[in-house]
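K.L.:
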Amino acid sequence: MTPPTLYHCPDARSLRCLWAAEEAAIDVDLKLLRFPPRAFEPDYRAVNPLMTVPGWVEDGRLMTESAAICERIAEGTPLEVRRDEADYWDYRNWLHRSDATLTFPLAIMIRYTRVEPEERRLAQAVEDYRAFFGGRAKSIEAALADGREWLVAGRFTIADIAIGYAAFLATTLGAGDVLGEATRAWLGRCMARDGFRRARARQAVA
Ligand SMILES: N[C@@H](CCC(=O)N[C@@H](CS)C(=O)NCC(=O)O)C(=O)O
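What the sequence shown shows, in my numbering, is residues -3 to 202, in sequence order.
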């Protein structure tokens, strides 16, 4: 059987999918791209006209949303929360929040610190969206305030991967200090997992 293909840039949102695949022990054909693909990978347009990563191709079908791809990977494994579990709707809410609410302000920070040429960089936008992210990240701290180890269902799930990636990305952008104490401890647990370490090692050598 042909494994799914994952198009990925190191430490971009597609890391969620690579991490989930490692946790689920799913074989993927990893294609490493330079960031941003629209500037450096013109051939990728034929695969994903959005020119974003992740791109996930399986059975001739393209998926481009990191949280949805994580749901696909987690299906039938303990990484997903089943509909008959008490935390099901919280779990679904975290998956949507991961990108729509939490990664969005970080994407603006990336654009105005790394992607735009020097003369178009906007320190004010970076500072404003850093604070904006900090406000939104309080929702993670509130969820972990009762001392729980993982976000939902009493076990590690793709909710931890999707939200953990946003917190990790914040640290790579110098915004780790806006995360609360419980959030930083939980992020440490996420990053100490073999699955996370293997995913990062794989992106380095692919
Ligand atoms: N909602 C999508 C967003 C995908 C996305 O915007 N990915 C970024 C990388 S973190 C990207 O490819 N940016 C390149 C660009 O916009 O040109 C997801 O969650 O996967």
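Glycine residues also receive a C-beta, built at the ideal position from the N, C-alpha and C atoms.
#1: Taking all protein chains shown into account, do 16 or more other C-beta atoms lie within 10 angstroms of the C-beta of residue 2, making it buried, or fewer, making it exposed?
#2: Hey, which unbroken runs of the alpha helix (DSSP H) at 4 residues or more fall wholly within the stretch 113 to 172?
#3: With a CB to CB cut of under 7 Å and the five nearest residues on each side skipped, what residues in its chain are close to residue 8?
#4: Just confirm the distance between the C-beta atoms of residue 26 and residue 198, as a whole number of angstroms; I'd bet it's less than 8 Å.
#5: Taking the alpha-carbon positions, what's the residue 155 to residue 43 distance?
#6: Does the structure place the stretch 180 to 192 close enough to the stretch 158 to 169 that three or more beta carbon pairs sit under 8 Å?
#7: Report the option in 101, 124, 66 whose CA atom is closest to the CA atom of residue 88.
#8: DSSP on residue 46, reduced to helix/strand/coil?
#9: Jot down the residue ranges of each uninterrupted beta strand (DSSP E) in the stretch -1 to 23, minimum 3 residues, whole runs only, in chain order.
#10: For residue 146, which residues from the same chain have a beta carbon less than 6 Å from its beta carbon, with the 5 sequence-adjacent residues on both sides left out?
#11: Enumerate, from N- to C-terminal direction, the unbroken beta strand (DSSP E) stretches of 3 or more residues contained entirely within the stretch 21 to 102.
#12: Quick one: residues in its chain with C-beta nearer than 6 Å to the C-beta of residue 125, no 5 flanking neighbours on either side, listed in chain order?
#13: For residue 60, verify whether its CB is less than 7 Å away from any heavy atom of ligand 1.
#14: Count the other CB atoms within 10 Å of the CB of residue 80; is the residue buried (16 or more) or exposed (fewer)?
#15: My output table needs one value for residue 189: the three-state DSSP class, helix, strand or coil.
#16: Using C-beta distances below 7 Å, list every residue in its chain close to residue 108, excluding the 5 sequence neighbours before and after it, in chain order.
P.N.:
Looking at the atomic coordinates:
#1: Only buried fits residue 2, as 16 or more other CB atoms lie within 10 angstroms of its CB.
#2: The qualifying runs are 119 to 140, 154 to 168.
#3: So the qualifying residues of the chain are 31, 49.
#4: Their Cβ separation, rounded to whole angstroms, is 6 Å, which keeps residue 26 and residue 198 in contact under 8 Å.
#5: For residue 155 and residue 43, the distance between alpha carbons rounds to 27 Å.
#6: Yes: at least three Cβ pairs fall under 8 Å.
#7: It is 66 whose Cα lies nearest to the Cα of residue 88.
#8: Coil.
#9: The qualifying runs are 1 to 4.
#10: In the same chain as residue 146, and ignoring 5 residues on each side of it, the C-beta atoms closer than 6 Å to its own belong to 152, 156, in chain order.
#11: Entirely contained in the stretch 21 to 102, the beta strand (DSSP E) runs reaching 3 residues are, in chain order, 25 to 28, 51 to 54, 57 to 59.
#12: If we look at residue 125 and ignore the five residues flanking it on each side, its Cβ neighbours are 101, 104, 105.
#13: With a cut-off of 7 Å, the C-beta of residue 60 is classified as near ligand 1, since at least one heavy atom of the ligand falls inside that distance.
#14: Classified as exposed, residue 80 has fewer than 16 neighbouring CB atoms from the shown chains inside 10 Å of its CB.
#15: The three-state reading of DSSP puts residue 189 in coil, since its state is none of H, G, I, E or B.
#16: Counting only Cβ-Cβ distances below 7 Å, and skipping sequence neighbours, we find 117, 118, 121, 122.
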